[in-house]
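Enquirer:
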Amino acid sequence: MRIKYLVTASLFAGVAAFGLQARSAEPIEDYQHDALPAGFQVVVSEVEGPVFADAHGHTLYVWPKRGLRAGSAGEDVGKPTCGDEVLRLSSGIQSPYPPGFEMPEINTRPACTKVWPPVFASDDAKPVGKWSVIQRLDGRKQWAYERRALYTSVLDVEPGDVLGGTKLPGIGEGGAERKPVGPDSNVPAQFTVYTTMAGRLVTLRQGQSVYTFDRDGRNKSTCTADCLLEWTPVAAPISAMQIGDWSPFERSPGVMQWAFRGKPVYRHMTDLKLGSQDGADVPGWKNVYVQKTPPPPVGFTFKPTIVGLGLGDAKGMTVYRYVCTDDSADQLACDHPDSPQAYRIAMCGGGNPDRCLKAFPYLIAPANAKTRNKMWGTMLVDPRTGKAAPAGTAGTLKVWTLRNRPIYTFAGYEGYGDRRPDQINANGWGEGNGGHNGYLAIIYRDISEMRDGSIGRGGGG
Amino acid sequence: MNALKTALPKASLGCVALTSLFVALVGNSLVAISAEPAAATDSPPAVPVVPPGKTISYALTERIEAIYQAKDKDGKDTKEECPLGLYENGPREQFAATFPQTDGKQLKFTETALQREADVWWPDTQPDKFPFREAGGKFSYGLNLDGKVKPSDFTSPDGKVKGVDNQFYRAVGCIPSYREGSSQRLFYEEYIELKQFNRTIIEITGVDSLVNDDDVTVTTYRGLDPLAKDAMGHFQPGTTQRADMVWGKAFISKSAGKIVNGVLITTKANDFVWPNENHTDAAVEQMHDTQFQLHLGQDYVEGVIAGYLDIESGYRAMIKRYGSHQISYGRLAAPSLYKVLRRLADAYPDPQTGHNTAISSALAVSGVRVYLVHPENTAANRK
């Protein structure tokens, strides 16, 4: 078995281990090596795992159609709609507001294709496997994967950048967001893999968590007798063969069990909800990740919150990310400092930037702060405008970023804010339960039920 | 009694012999819930019963604002408490009136929809340009929280208890969102079952008798496990819940109480935090000086929990749970509601401004008996 490694940190042996552990070589996710058209490649990214990329290493995205409150947005299979026209008016597809209002920063608003360049295909391009060639409205040819039109993001610069979109859990009232696309994870048919803040989490296909036990040996289970009252081995077919990092072994005569990287895999008796990770609270037992994310910078903390294991600043106060999709039909993201900040400033301060800075302060990074990964970083921002600022600009702040977007705490205002580490009072603060234009707590292990096929708070009402 | 009937679990209709209980309690100033005869299926025991370990626990299957709605003899909603009619200036109506798109002028998104959302998240106490319709009348559910009878207080619907403190009802009683049949109430019913985040357990310890006991301890926990229903869709008593001692510490609160003729009455007002997640957002509401009045059955519980709702946490929890889309269904205009909540606030004055920060309120609750397991007794920790 050949395992690829990425230098990162091992995460959380269990709830008790809230602190970061030392950096070590971590293996990366194995994927199904299906044939690719010429000029494309697979890049294993830190958060999203393996993603398709063009010849320059730029990640590929799709824009799946999604029903919103008063209509839908995104693309049907085989029908790219992201166009060259600047959409000047709001669409009204996010109830309750009607359409027809002039979009923010209209004079500099880009067309969809300026933000999401289509992956054009040559006239002689031929389909390969799930890859096909479809025709755009202007007659040009575009690559598609599973018949969904492919794009790159202007935010991605280097191979492994996946800044245009994410499969990290959001919440149900978000917009029609672009998603990175990649090969299937190389796991046996009864398993699947989800993107979480902690890493690429393995569950059974229905959503039940799986675990390994520290005391087990290589392809040898020590969980017998009373242990089996609490833990259920994940059985493998008698004819199962090795699949990537997964291998079957005979735990007792005639009974096969799956092992991941040589460690036997189990379910836990109290995981009654899909997505539950209760078993990780038992000493010696760990969830299975095919790949873990890089740790946050030194000085951040992990702490229990009312919804699960959350990220805290040095004082343990909850750290938030900001998410935003605009109200145009092309659903451009507005969560990056290069995009219009009117959305965020409306939510964090009622339109008042000074109030924003008090209620949702940036996490200030030390002058010499550096990270060795793409997930975490720093950025200079103009605190008055919220926009990214060039180096040397007076009055800028150097702030911590997650996926190249600033992160925040919630100091709030008189009478309301996060006052204790377990509080997440700004989680969901903003339009559409916070998912459309608002703040979400950064959660590494969400104790809520799995909904709509995502770990954490998916689904809407 | 309508609110409580709404709050009753389907399996427990008439779960407690309410009439006798209330007659017995008329002299107690806490009593404010009207009683109706009921076919007792889960009456308190005729002889003192000591639950195992002197402990009994219930998981709430309903927890919703107690809203009184006057009915005629046929049960039809007369809306007497809303003499001006129900509130009509919901989000869509206020938006249309504020930003008419009729004169051909191109309006900007930042000055319209985004400004409206900014007002939702950063409301103020300036006079409202849209007239509000408060609930009036004499009656309300709730408890007499301060032991006084004031001009602003209500009377229990059966007329037996004066001094009911429930200014929250005055604020929301005529907003369709809060009334029977509203989508908001349907969401409440759905999500208290579906969301484990909301799993509220009431544990009563030191119980020498489920009928009369002058000293018990009431503790709330968050449970970690699903509620069970039978094949008819009724919540089932008798299941096990694990207490959430890792993520749910914020929801652990204690109070002292007594049991009088099968009714638990807390004797020490304390602060409680209620988990309240609908849709996708985990929100919490803080209630000061909380008092319980719960009819204890061997399998079911029903009653009222009242206290002073912290306005900031209550308002924020509401707008996090419901986006402007959802509250438009019930014409709940958030900025207008905030103004009236602050205006009617009747407790916890801010030491600097003197303005009250909390408002008297009441929750109608019901639940089923569960066996609460603390972490030291779980399988993982028994070894």
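Chains A and B, in that order, are what the protein sequence lines are.
Residue numbering for the first sequence follows our numbering, starting at 1 and increasing by one per position.
Residue numbering for the second sequence follows our numbering, starting at 1001 and increasing by one per position.
All C-beta atoms, glycine included, are put in the ideal place defined by N, C-alpha and C.
1) According to the Cβ coordinates, are I407(A) and T318(A) closer than 7 angstroms?
2) Please report the straight-line C-alpha distance between I1259(B) and P264(A), rounded to a whole angstrom.
3) For C324(A), list the residues DSSP reports as bridge partners.
4) So, are the CB atoms of G428(A) and D1310(B) less than 7 angstroms apart?
5) Taking the alpha helix (DSSP H) that M347(A) falls in, what are its first and last residues?
6) With a cut-off of 7 angstroms, does the C-beta of F1168(B) fall near any C-beta of chain A?
7) What number of angstroms, rounded off, separates the C-alpha of G1367(B) from the C-alpha of G1159(B)?
8) Decide if S1255(B) is buried, meaning its Cβ has at least 16 other Cβ atoms within 10 Å, or exposed.
9) Select from the stretch 296-307 of chain A all residues with a C-beta closer than 9 angstroms to any C-beta belonging to chain B, and list them in chain order.
10) Once you ignore the five residues that flank V1049(B) on each side, which residues in its own chain have a CB closer than 8 angstroms to its CB?
11) Whole angstroms is fine: what's the gap from G310(A)'s alpha carbon to I443(A)'s?
12) Note down the Cα distance separating D214(A) from H56(A), rounded to an integer number of angstroms.
13) Relative to the alpha-carbon of T1219(B), which residue among E1193(B), P1351(B), W1274(B) and R1331(B) has its alpha-carbon at the smallest distance?
14) Against chain A, which members of the stretch 1236-1251 of chain B pass a CB distance test of less than 9 angstroms?
15) Short of 8 angstroms Cβ to Cβ, which residues in the stretch 421-434 of chain A face chain B?
16) Determine, using beta carbons only, whether S95(A) comes closer than 7 angstroms to chain B.
17) With F191(A) and L204(A) assumed to form a contact (beta carbons below 8 angstroms), what rounded beta-carbon distance in angstroms separates them?
18) Taking the continuous alpha helix (DSSP H) assigned at P1275(B), which residues delimit it?
19) Considering Cα atoms alone, identify which of E1190(B), T1217(B) and P1237(B) is closest to L1264(B).
20) Please report how far the alpha carbon of I1222(B) lies from the alpha carbon of E1277(B), in whole angstroms.
21) Name the chain A residues whose beta carbon is nearer than 7 angstroms to that of L1372(B)?
22) Are there any heavy atoms of the ligand HEM lying less than 6 angstroms away from the beta-carbon of E48(A), as far as the coordinates show?
23) Using the Cα positions of W231(A) and A259(A), report the straight-line distance between them to the nearest angstrom.
24) Considering Cα atoms alone, identify which of A1096(B), W1121(B) and K1138(B) is closest to Q1167(B).
25) Do you know offhand how far W143(A)'s Cα is from V193(A)'s?
26) Residue range of the beta strand (DSSP E) that H268(A) falls in?
27) Quick check: is the beta carbon of S1182(B) nearer than 7 angstroms to any beta carbon in chain A?
28) Is H1415(B) helix, strand or coil by DSSP?
29) Applying the criterion that 16 or more other CB atoms from any shown protein chain within 10 Å of the CB defines a buried residue, is P96(A) buried or exposed?
30) Mind pulling the alpha helix (DSSP H) runs of 4 or more residues that sit fully within the stretch 399-426 of chain A?
31) Chain B partners of A342(A), CB-CB under 9 angstroms?
32) Judging by CA-CA distance, which residue of R384(A), T401(A) and L440(A) is the nearest neighbour of T393(A)?
33) Quick check on the burial criterion: 16 or more other C-beta atoms within 10 angstroms. Buried or exposed for T1078(B)?
34) Using the beta-carbon of each residue, which ones in chain A are nearer than 7 angstroms to A1118(B)?
35) Hey, could you find the ends of the alpha helix (DSSP H) G1314(B) is sitting in?
36) State the DSSP-derived secondary structure class of D446(A), mapped to helix, strand or coil.
Expert: Taking the structure as given:
1) no
2) 53 angstroms
3) N437(A)
4) no
5) A342 to G349
6) no
7) 26 angstroms
8) buried
9) P304, T305, I306 and V307
10) S1209, L1210, V1211 and Q1298
11) 4 angstroms
12) 41 angstroms
13) W1274(B)
14) R1242, D1244, V1246, W1247, G1248, K1249, A1250 and F1251
15) D422, Q423, I424, N425, N427, G428, W429, G430, E431, G432, N433 and G434
16) yes
17) 6 angstroms
18) Premise fails: P1275(B) lies in the beta strand (DSSP E), N1270 to N1278, not in any alpha helix (DSSP H).
19) T1217(B)
20) Note that residue 1222(B) is Arg in the sequence shown, not Ile. If you take the alpha carbons of R1222(B) and E1277(B), they lie about 13 angstroms apart.
21) Correct list: empty, because the minimum Cβ distance to chain A is about 15 angstroms.
22) Judged by which ligands are present, the structure shown has none, so any question about the ligand HEM falls away.
23) 14 angstroms
24) K1138(B)
25) 26 angstroms
26) Y266 to H268
27) no
28) An answer regarding residue 1415(B) cannot be provided, because it is not within the stretch 1001 to 1383 covered by chain B.
29) buried
30) none
31) F1109, T1110 and L1114
32) R384(A)
33) exposed
34) A346, G350 and G351
35) I1311 to R1321
36) strand
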